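The sequence shown runs 967 to 1689 under the working numbering. Backbone N, C-alpha and C define an ideal beta-carbon position, used for all residues, glycine too. Owing to the predicted nature of the structure, the values given are computational and were not obtained by experimental measurement. A short write-up of the structure that comes next.
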Amino acid sequence: MGGLGKTTLAQLAYNDSEVCQQFDLKAWVCVSEDFDLPLLTRAMVESFTGEECRLSQQDALHIELQKKLAGKCFLLVLDDVWEKECLVHIWDRLRAPLLFGSGKSKIIVTTRSEEVSRIVGAVSTHHLPCLEGEHCLQLFAQRAFEGRDQALYPNLMAMAEKISKKCRGVPLVAKILGGQLRWEDDVDNWKDILEGEIWDFDKKWIMPVLRLSYDRLPPHLRKCFKYCSLFPKDYLIDRDELIRMWMAQGYLLATGTRHMEEDIGNDYFNDLVQRSFIQCSTRCKDMFQMHDLIHDLARLVSRGECYSWKGGSTCSNSEGDVQHLSIISSGDQIVDIASTWPAPQSAINLRSFLFFRTQQSFPFSRIEWYSRYKLKHLNDELTRMKHLRVLDLTGTDVPYLPDSVGCLKHLRYLAVLNIMEMPEWVGTLFHLQTLDFVALGSNLRCSPNSITQLLNLRHLTCHCGNLGLPAGIEKLTNLQTIPEFVWSSEPGRAKLSELKDLNNIRSLRITHLGELTDVAEAKKACLAKKERLRDLFLGWEHVCRPSPLHDQMLETLRPNSRLAELTIDDYKGQSVPTWLGDRSFSNMVSVRLDGCEGWTALPSLGWLPSLKNLHIVGASNVKYIGRQFFSGGFPRLEQLSLRSMPHWKSWCGAEKGQCPRLWKLVIYNCDELTSLSLINLEALQVLDIRNCIRLHFSKEEELPSTLEQFIIQKCPVVTLWCL
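Here's what the structure looks like:
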């Protein structure tokens, strides 16, 4: 049965820190219904190595996997294996290279089928039981009463007990129905679900329950959910990309309090997450997935509107009038675009055209996720897609954008990967809101100047090495996302002054500031005016010599006090800017200071009321961390990391009541560190110390009673103290 939590249980084991220490290598591969031998072997190679594998022939893949695993102790999870006739014939071939690993290696297979367990020769089988009644009620109530006191709703709690019993111990159903009733205070609405006909099905009863939850969604969420059916099963969903696709289709409706479409999309996305139609991925931070039963539901309710065509299959005539089409590859193949639609007029109706591959075997950047399609007749077919709004060619082998793309005047979202050149005619796509492209190596010479004509552009993402933005970018006042702003004195490149009126930017990365010699130029960026800016990176890029200009520069680049995340990199100035640590930065949750070699004392950041994560790396001239550092008390600090500080000798430690939430402390590569007071860190759970050869604790020193994990590596004196 689906929805019991098999994948969740496997993920808990896979991510457990103690489990991780037992293995040299780990890999997670989603199998689902596509038991393709070369594809799965390649997915294992990629997941074990964390690198893209270009091999396609099974023999070569077999040898490559064998080499990677030889003598290694590995953990492999094959998630969601289905019972297929081919499984019997190819299992031994799939398993063959795995036999070269250590005898202590483990393979975990999740499946709904007893037959799969027999075929793979399981040594032990764990049948995941349904939740007991009390636990099912707890899960249901957790979703239904989130943020509310259950005791204040006795009538609803009585109803909750009855509904949870009908969930038959299936966690997915309890979460979906609980999420559905989360905003409902009317007993009649709860009664409708309790007494509904959905419970009358003895077999395959789960899908009608899920369908009811979909039917009760507001219309705007139903549209957004159906669009998710275009993704392959187990696909890692990027929140921002999906929201931008919704925006391109006009799904995001302005409300009285929300005017930015991206904010509205974020609300919609969070709503679907809270209702369990989309869930956080435990495999990859900041990514999302759909449960396979929810994905089946999305395919069911979007039939006739959205269609996913798998390479190698034929397209049904009943799908000829779809508005949104995705092509899902099962490997490297040549796709004849002209054969994708049963009727020539079908392409005219398309609003979305996307390419995916079935496996995302390792959670890295999208640049590495996609196999390459070799497309025939693409230019001709795009000419017929006159109403296209979303075009994602990142899964294709297209080094140059077809000229026919320039005719897609309604296009709002364009993404392309590994292109040799971005044509100037891209500036004629006046409705474009999102432009996402990646250059092939360093071949792309520059972002085209015509980009500055795209006045509706909101998100410009280009991965092109150290290429600068063209002069004139200041005209794009709707921009919220821009690529790395590489400062350059070259003519034709955008200068910092062009940031002045780009006040909608959410994230900004400015690099090569060490080459800037005019403080007035930095002042013209007007960072303090950018109230929507949440994430700021300021990089000096390996400047060899400090200069007084650097101090003035950083002082001038004071951001708006609503900033949430700040990184200062390779700064060689001697003084700390007066604004760093100012308590007016009440939204600051994360600070990273990397390579600030000129400072002899760390800044006082303890007054920042929301700071949760502080990472300091390479402060090589700091010798002591005193009470000034802890002033303010760090009321919400949760993680503190101090690394590569070769002259740091000691710290005074926190006073009683300071750092009340600090649960993780990491200290690496501090050769001169001799003492470390932990006495008042009353919430510390994880202490990770490595390469601190002189560090010692006194005999009377005691570790915090809250400590759950103590990691020591290459700290000989501390190791002896522990013994």
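Review point. Do you know how far the Cα of Glu1161 is from the Cα of Leu970?
Key: 24 Å
Practice item. Reducing DSSP to helix, strand and coil, say where His1376 ends up. Key: coil
Review point. Does the beta-carbon of Trp994 have 16 or more other beta-carbons within 10 angstroms, so that it is buried, or is it exposed?
Key: buried
Exercise for review: Could you name the residues that DSSP lists as bridge partners for Gln1624?
Suggested key: Answer is none; Gln1624 lacks a bridge partner.
Review point. What three-state label does DSSP hand Gln1605 in the structure shown?
Key: strand
Point to revise | Cβ neighbours of Leu1499 in the same chain (closer than 8 Å, five flanking residues each side left out) | key: Ile1471, Arg1472, Ser1473, Leu1474, Leu1493, Pro1525, Asn1526, Arg1528 and Leu1529
Point to revise | Outcome for Lys1461 when other beta-carbon atoms lying within 10 angstroms are tallied against a minimum of 16 | key: buried
**Study point:** Where the alpha helix (DSSP H) containing Thr1522 begins and where it ends
**Key:** Pro1514 to Thr1522
Check your understanding: How many Å lie between Met1388 and Val1288 at the Cα?
Key -> 30 Å
Point to revise | Nonlocal neighbours in the same chain, by C-beta distance under 7 Å from Pro1137, ignoring five residues either side | key: Gly969, Leu970, Gly971, Leu1097 and Leu1105
Practice item. Take Phe989 and list the residues in its own chain whose beta-carbon comes closer than 7 Å to its own, dropping the five residues that flank it on each side. Key: Cys1039, Phe1040 and Leu1041
Exercise for review: Would you list the one or two residues that DSSP bridges to Trp994?
Suggested key: Val1043
**Study point:** Separation of Leu1571 from Val1583, as counted between CA atoms
**Key:** 15 Å
Check your understanding: Taking Cβ positions, are Leu1359 and Val1382 nearer each other than 8 Å?
Key -> yes
Practice item. Report yes if the CB atom of Ser1179 is closer than 8 Å to the CB atom of Leu1202, and no otherwise. Key: no
Practice item. Find the nearest neighbour of Ser1242 within the set Ala1110, Asn1345, Asp1151 and Thr1362, judged by alpha-carbon distance. Key: Ala1110
Point to revise | Coarse secondary structure for Met1253, derived from DSSP in three states | key: strand
Practice item. Would you kindly check if the distance between the Cβ of Leu1291 and the Cβ of Leu1316 is under 8 Å? Key: yes
Review point. Out of curiosity, what's the CA-to-CA distance linking Thr1533 and Pro1414?
Key: 29 Å
Review point. If you draw a straight line from the alpha carbon of Asp1548 to that of Arg1609, how long is it in whole angstroms?
Key: 24 Å
Review point. What three-state label does DSSP hand Cys1492 in the structure shown?
Key: coil
Practice item. List the endpoints of the continuous alpha helix (DSSP H) containing Ile1582. Key: It is not in any alpha helix (DSSP H) - Ile1582 instead sits in the beta strand (DSSP E) that spans Asn1579 to Val1583.
Review point. Measuring CA to CA, which of Thr1077, Glu1440, Ile1439 and Pro1365 is closest to Phe1403?
Key: Pro1365
Review point. Straight-line CA distance for Leu991 to Arg1114?
Key: 44 Å
Review point. Straight-line CA distance for Gln1419 to Thr1443?
Key: 11 Å
Check your understanding: Which parts of the stretch 1047 to 1135 are runs of the beta strand (DSSP E), unbroken and 3 residues or longer, counting only runs that do not cross its ends?
Key -> 1072 to 1077
Check your understanding: Which of the three DSSP states, helix, strand or coil, is assigned to Pro1308?
Key -> Below a pLDDT of 50, predicted positions are generally treated as unreliable, and Pro1308, at 47, falls in that range; the measurement from the model is reported next regardless. The answer is coil: DSSP assigns Pro1308 none of H, G, I, E or B.
Practice item. Buried or exposed for Ile1260, please, with buried defined as at least 16 other CB atoms from any protein chain shown within 10 angstroms of its CB. Key: buried
Check your understanding: What is the DSSP secondary structure of Phe1595, counted as helix, strand or coil?
Key -> helix
**Study point:** Neighbourhood of Pro1004 by C-beta, 8 Å cutoff - its chain only, sequence neighbours within 5 removed
**Key:** Ser1022, Gln1023, Gln1024, Leu1027 and Gly1297
**Study point:** Which residues DSSP lists as bridging Arg1656, in chain order
**Key:** Tyr1634 and Gln1679
Point to revise | Helix, strand or coil at Asn1469 [DSSP, three-state] | key: coil
Exercise for review: Identify which residue in Val997, Arg1008 and Gly1216 has its Cα closest to the Cα of Pro1198.
Suggested key: Val997
**Study point:** Continuous alpha helix (DSSP H) stretch holding Leu1357: start and end
**Key:** Careful: Leu1357 lies outside any alpha helix (DSSP H), inside the beta strand (DSSP E) at Val1356 to Asp1358.
Exercise for review: Would you tell me roughly how many angstroms separate the C-alpha atoms of Ile1230 and Lys1072, rounded to the nearest one?
Suggested key: 45 Å
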